[in-house]
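Right, one structure below, let's go through it.
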Amino acid sequence: MHPGVLFGAVWVIAVPAWMFASPDVLAGSISGERATSTKALLFFSACILAFLLGAVAAGTIGGGRPARQPRPAGDGLVLAARLIALAAVLGGGFWLFRSSMRVGGPANLLHLFLTGYSIADLKVLVYTPSQFPPFTTMVHLSPAAASLLLYLRSQRGWHRVDRLLFIAVVAVGCFRGLLMAERLAMLGVLSAIVVTLLLTARDLKPSRVALWAAGGAGLVWFVWSAGEFSRSWIDSGAGDSSGVTVSNFVSSLSYSQTRLGQYLFTAINNGIIIVNEWPGQSFPANFAPPLNSLGPPGLGGGAGAQDLYRSALSREFTGESMPGAFYLDAREFGFALALVYGVFFGLAWRSAVRLSPAGIVLYASTVMIILDSYRSAYLFSTQGIAGMVAAAVVYAALHAPARRIAHRGAREAVRRARFTAAPGQG
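Residue numbers (our numbering): 23 to 448.
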C-alpha cells in the first residue's frame, strides 16, 4: 500500500495503454493520433520520478517500520466518526432530495434513469443545479467516514448506529457512482474501505491480501462497466436496448472496455499535447483550485485546459493526467509539484502504518487521487481537502480531551502541593 507502489502500478498500466492503443481508441482523441515529443517524455518521466522520490523519502523518515500499536478508540473518536458519517449521508441525501424534486419526485428520477435518459443531460439539467454548498459538499466526506467507521469496528466493535451509518455511506457512494455516474466518488469509498481493512487487519496473511486485491480489482471493473452502461450505453441504444437489464449490461461490455481504453489513452495523450502546445501557466488553478478562486484577482488562470479542448472532443475525454495538470500550473517546474504530492502521500502513509487514526483516515480518503493520477490531480481540490478536514477533526478528537485532562491534572497537583506544603513554604 506504499504510495510509490500504487503510483507505479497505475502508470505501469496507463503507459502501455497509451502506447498500444487500438485504432478505435485513437479515434476518441483530439487529433486521432498518438502525440509524442522528447520534451513531453522527459517532463512526464521527471514528474513520475519526483513523486516516487518524495513518497519514498517521506515514508522512511524516522527509521524502520514501527510496531503496529493502535490507539484505543475513545468516546471522542466515536463522536467524531458518527458526526463525519452523518454529515456525508446528509449531504448526499440532501443532494438526492433536491435532484428528485427538480423532476417531480424520486420515482420520476428513477424512471428517467432506468429508461435510458441521458446521464450527461441529467447531470447538466438536474444534478449540478441541485447542488447547494456547503450542505451538498459534505458528501465528499464519504471516504473518510467509511474509513473511520471501519477503524472503530477494528478497535471496539460496532454499535447498531455505526453499522447503519456505514451502510448509508456506502449507499450514498453507490448512488453517486451509478445514478449520477460519478465513478471517482464510488472509487473513493471503495479504496478507503480496502486500505483501512488492510491497515487494521490483525492477521495480515498474504492470501488474504491477494483475495482483497482481487476482489477490489473486480469491484473496480464492475463499477467502471456499470458506470459506462448507465452513463452512455443505454442512452445510445434504441428500443429494447435502451433499458437497464442484465442482457443489455452484458451487451455493453465490449463498448465499456473500449471506453476504458479511451479514458486511459486520452488522459495521457492530452497531457502530452499540453506539454507540447500550452502557451502559459495558471498556478494555482489546477494544483489548488480553491486558492485560485479565493486568491487575489489575477493570481491564476482558469482551471483546466478548456481552450485547448474547444473541439468535437467529448468532455468525458478531457482528462489531462497529473503531469499535464502540473505543466499547466508550473510548466517545466511542474516536477516540483509532483515532489510535493509525493512527500504528502509518503507522510500520510507513514502515519497510517503507525496506526494513527488520523493518518489512516487521511491516507485512506485520499489514496483514490493516486489511483486516478493517470487523468487528474485532485489532492488540493474538494476531494482531497475533505479528507484533510476529516483527519484534522479526528486528530482534535483524540488530542483535545487529553490536553484538557492533562491540564486539569496539573492544576490538581499544584493545589495538592500547596495544601500539603510545610508552614512557611506554601
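Think of the CB as a built atom: it goes at the ideal place given N, C-alpha and C, for glycine as much as any other residue.
Proximal residues to residue i (C-beta, below 6 Å), its chain only, five neighbours per side dropped
i, result
"Ser-373", "Gly-381"
"Ala-502", "Residue 502 cannot be examined here, being either before or after the span of the chain that is shown, 23 to 448."
"Leu-286", "Ala-36, Ala-39"
"Ala-103", "Leu-170, Leu-171, Leu-174"
"Met-344", "Ser-395, Ala-399"
Unbroken alpha helix (DSSP H) run spanning residue i, endpoints
i, result
"Phe-287", "275–299"
"Gln-153", "That residue, Gln-153, is in no alpha helix (DSSP H); it is neither H nor E in DSSP."
"Met-208", "205–222"
"Asp-97", "97–124"
"Pro-342", "Residue identity differs from the one stated: residue 342 is Glu in this sequence, not Pro. Careful: Glu-342 lies outside any alpha helix (DSSP H) and carries neither H nor E."
"Trp-255", "Premise fails: Trp-255 is in no alpha helix (DSSP H) and is neither H nor E."
"Val-375", "356–375"
"Phe-65", "60–81"
"Asp-46", "45–48"
"Ile-35", "25–41"
Nearest neighbour of residue i, chosen from the options [CA to CA]
i, options, result
"Val-47", "Phe-348, Gln-303, Ser-276", "Ser-276"
"Pro-156", "Ala-109, Leu-170, Phe-197", "Ala-109"
"Ala-386", "Ser-269, Thr-222, Ser-122", "Thr-222"
"Pro-312", "Leu-401, Pro-38, Ala-235", "Leu-401"
"Leu-172", "His-162, Asn-308, Thr-218, Met-202", "Thr-218"
"Ala-203", "Ala-235, Lys-61, Gly-115, Ser-247", "Ser-247"
"Ile-407", "Ala-235, Val-389, Leu-241, His-421", "Val-389"
"Ala-49", "Leu-200, Ala-418, Phe-339", "Phe-339"
"Trp-300", "Lys-61, Pro-45, Met-23, Arg-56", "Lys-61"
"Leu-99", "Ser-378, Ile-391, Asp-143, Thr-82", "Ser-378"
"Arg-178", "Asp-97, Ala-418, Trp-117, Gly-127", "Asp-97"
"Gly-195", "Ala-232, Gly-115, Ala-310", "Gly-115"
"Gln-405", "Leu-206, Pro-151, Ser-273, Gly-265", "Leu-206"
Beta-carbon proximity list for residue i, same chain, < 8 Å, skipping 5 on both sides
i, result
"Leu-393", "Leu-28, Val-32, Leu-209, Ser-213"
"Asn-450", "Only positions 23 to 448 of the chain appear in this structure, which leaves residue 450 out of reach."
"Arg-230", "Ala-223"
"Trp-234", "Val-216, Leu-219, Leu-220"
"Gly-320", "Low per-residue confidence applies at Gly-320: pLDDT is 44, beneath 50, and the placement is therefore not dependable, though the value from the model is reported in the following sentence. Nothing listed; no residue qualifies."
Chain-order list of residues whose beta-carbon lies under 7 Å from that of residue i (same chain, five-residue window excluded)
i, result
"Gly-86", "Per-residue confidence for Gly-86 stands at a pLDDT of 48, beneath the threshold of 50, marking its modelled position as unreliable; no derived number is given."
"Leu-131", "Ser-121, Ser-122, Val-125"
"Ile-83", "Arg-372"
"Met-41", "none"
Note to self: Does the structure place the region 185–197 close enough to the region 344–360 that three or more beta carbon pairs sit under 8 Å?
What the structure shows: no
Notebook entry, point to check: Looking at C-beta atoms only, is the number of pairs between the region 245–260 and the region 131–145 that lie closer than 8 Å three or more?
Noted result: yes
Notebook entry, point to check: Looking at C-beta atoms only, is the number of pairs between the region 155–169 and the region 287–295 that lie closer than 8 Å three or more?
Noted result: no
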